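Asker: Sending over a structure as structure tokens; questions will come in a sec.
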Amino acid sequence: GNPIQLDRLEALQCQLLNNPGSAAQSYHGVWLSDGALAPVNGDIRTIRATLAISLVVTGWTNGAITFPVSLKAGRYQVVGMRCVSTNGVFARLVFPGQAWRPGVPIVNDEVDRDAPLFRNGAAGVWGEFDSASPPTVDAIGVTDSSQELFLDLIYIG
10 GNPIQLDRLE ALQCQLLNNP GSAAQSYHGV WLSDGALAPV NGDIRTIRAT LAISLVVTGW
70 TNGAITFPVS LKAGRYQVVG MRCVSTNGVF ARLVFPGQAW RPGVPIVNDE VDRDAPLFRN
130 GAAGVWGEFD SASPPTVDAI GVTDSSQELF LDLIYIG
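Its first residue numbered 10, the sequence shown is counted upward by one per residue in the working numbering.
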């Protein structure tokens with residue numbers, strides 16, 4: 010659908026219902042864009058990678074992407090992502106020189122489904138990188154140190 014236009018300084022609010030009888034960490038995710046989403050098509054390839062981020066409850070932790078096989082030299086557009094982590098909550102990409110950090114809700118099991126918005130170009134181009142300097146990943150969650158990442162990429166030369 011179409012995004013809701015916000016005023017520049019408009020506050021966002023979120024309502025949470027939780028069990029007040031026990032301590033629990035709660036998370037909320039908000040996806041913002043600078044305009045209507047522009048889905049992309051092309052020769053999209055999904056590349057598997059791994060992360061070794063030690064997740065902490067109270068904040069984002071950054072880690073490097075490890076590709077099991079070297080990417081073909083050149084530039085790539087990221088047009089989707091899936092992150093799997095037993096106790097993860099959110100993951101976001103950190104592109105060199107880019108302020109925006111596009112991300113996804115983490116799925117906790119291989120069989121969990123992702124939202125179609127976050128895969129195969131549905132949300133447009135998230136960012137570009139050179140094979141020699143790929144983005145890193147920020148993640149947040151509850152005590153985990155091993156994540157699996159699937160990046161939907163378009164090779165642009």
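Ideal placement from N, C-alpha and C gives every residue a C-beta, glycine not left out. Computed from a predicted model, the values in this text were never measured in an experiment.
Evaluate the contact criterion for the stretch 148-155 versus the stretch 37-44: three or more CB pairs, one atom per stretch, below 8 Å.
Answerer: no
Asker: Give me whichever residues DSSP pairs with Gln-156 in a beta bridge.
Answerer: Leu-60
Asker: Can you tell me the Cβ-Cβ gap for Leu-160 and Gln-86, rounded? I've got them flagged as a contact below 8 Å.
Answerer: With a Cβ gap of about 10 Å, Leu-160 and Gln-86 do not count as contacting.
Asker: Can you name the start and end residues of the beta strand (DSSP E) that Val-120 belongs to?
Answerer: DSSP places Val-120 in no beta strand (DSSP E); its state is neither H nor E.
Asker: For Ile-149, report the span of its beta strand (DSSP E) as first-last.
Answerer: 145-150
Asker: Counting C-beta neighbours from all protein chains within 10 Å, is the total for Val-113 16 or more, i.e. buried, or is it exposed?
Answerer: buried
Asker: Quick check: what's the CA-CA separation for Thr-67 versus Pro-48?
Answerer: Cα to Cα, the separation comes out at about 33 Å.
Asker: Using 10 angstroms around the beta-carbon of Pro-12, count the other beta-carbons present and answer buried if the total reaches 16, otherwise exposed.
Answerer: exposed
Asker: Answer with buried or exposed for Gly-106, where buried requires no fewer than 16 other C-beta atoms within 10 angstroms of its C-beta.
Answerer: exposed
Asker: Which residue comes first and which comes last in the beta strand (DSSP E) that contains Arg-91?
Answerer: Counting along the chain, Arg-91 sits inside the beta strand (DSSP E) bounded by residues 84-93.
Asker: Compute the distance between the beta-carbons of Ala-131 and Ile-115, then report whether it is under 8 Å.
Answerer: It is not a contact, given that the beta carbons lie outside the stated cut-off.
Asker: By how many angstroms is the C-alpha of Asp-153 removed from the C-alpha of Leu-64?
Answerer: When rounded, the distance between both Cα atoms is 5 Å.
Asker: Is Leu-46 near Met-90, with beta carbons less than 8 Å apart?
Answerer: no
Asker: Starting from Leu-102 and walking both ways along the beta strand (DSSP E), at which residues does that stretch end?
Answerer: Under the DSSP assignment, Leu-102 falls in the beta strand (DSSP E) whose first and last residues are 97-103.
Asker: Candidates Phe-104, Arg-17 and Cys-92: which alpha carbon is nearest Asp-139's?
Answerer: Phe-104
Asker: Just to confirm, are Gly-136 and Leu-102 a CB contact at a threshold of 8 Å?
Answerer: yes
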